[in-house]
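Heads up: the structure comes next, in structure tokens.
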Amino acid sequence: MKGRFQLGVAILTTLVLMASACGHAQRPERKTYVVSEDARGVGIAEGPGTGGSGADAYCGEWQKQCFQKCWRRKPRESSIPKHSAAHHEYCTTTCLKEFMKCVEEQRTLEQQDAKRELQFHNMTSALDWLREHKAEVALGTVVVVAGVAFTLAVAPAGLLVLSPI
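So the sequence shown is residues -25 to -1, 1 to 140, counted in mature numbering (1 follows the signal peptide of the UniProt record, and there is no 0).
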């Protein structure tokens, strides 16, 4: 009789522990969750990696420094006299190429940053964080909630949603 009682207590304890499992350990349903009823404002924070004007300002400064450095030096091509119109054109062309290369590199970095993963223990904390930081995230960002992957997207009605991948 005592063995049955202990077995019953053990089973009951196991059931209670399973039923009261921590909420953040539960996997979210694989459905679409609404983050915001308005997708406007996503990814508008300025700075590198967020789609703001940071890359243009950075690359513009790079181009200006490139031109100043080029103008102070004798051109690589011996047929171009230093500080001539041809030298000016040479520096302008060379540094414009550097500017375009910089912009492309920044664009690549922004795309990589936009695709970074955000990880949360439960859906409530994910939705709260996304609502609070809407301007800092980009569409297409992967959001992992308790091991389930979602992506940030815009639904046809203009809703900002997390959709399962």
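The beta-carbon is built from N, C-alpha and C at its ideal position, and this holds for glycine as well.
Query	Result
Of the listed residues Lys6, Lys49, Val78, nearest to residue 213 (C-alpha basis)	Since the first residue shown for the chain is -25 and the last is 140, residue 213 is missing from the structure and cannot be characterised.
Simplified DSSP state of Ser100, which is helix, strand or coil	helix
Exposed unless 16 or more other CB atoms sit within 10 angstroms - verdict on Val120	buried
Neighbourhood of Arg92 by C-beta, 7 Å cutoff - its chain only, sequence neighbours within 5 removed	The residue you asked about is not Arg; residue 92 is Glu in the sequence shown. Contacts found: Val117, Val119.
Buried/exposed call for Ala132, threshold 16 Cβ in 10 Å	exposed
Residue range of the unbroken beta strand (DSSP E) whose run includes Ser138	135 to 139
Cα-Cα separation between Glu8 and Glu107, rounded to whole angstroms	What sits at residue 8 in the sequence shown is Tyr, not Glu. Answer to the nearest angstrom: the Cα atoms are 16 Å apart.
Classification of Leu84 by the beta-carbon crowding that lies within 10 angstroms, buried from 16 upward	exposed
Any non-hydrogen atom of the ligand NAD closer than 6 Å to Val123 Cβ	Because no ligand of any kind appears in the structure shown, any question about the ligand NAD cannot be addressed here.
Where Gln1 falls: helix, strand or coil (DSSP)	coil
Boundaries of the beta strand (DSSP E) in which Thr126 is found, first to last residue	123 to 129
Distance between Cys41 and Gly115 (C-alpha atoms, nearest Å)	35 Å
Cβ separation of Leu137 and Phe125, assumed to be a contact under 8 Å, to the nearest whole Å	4 Å
Through-space distance from Thr99 to Ala30, alpha-carbon basis	34 Å
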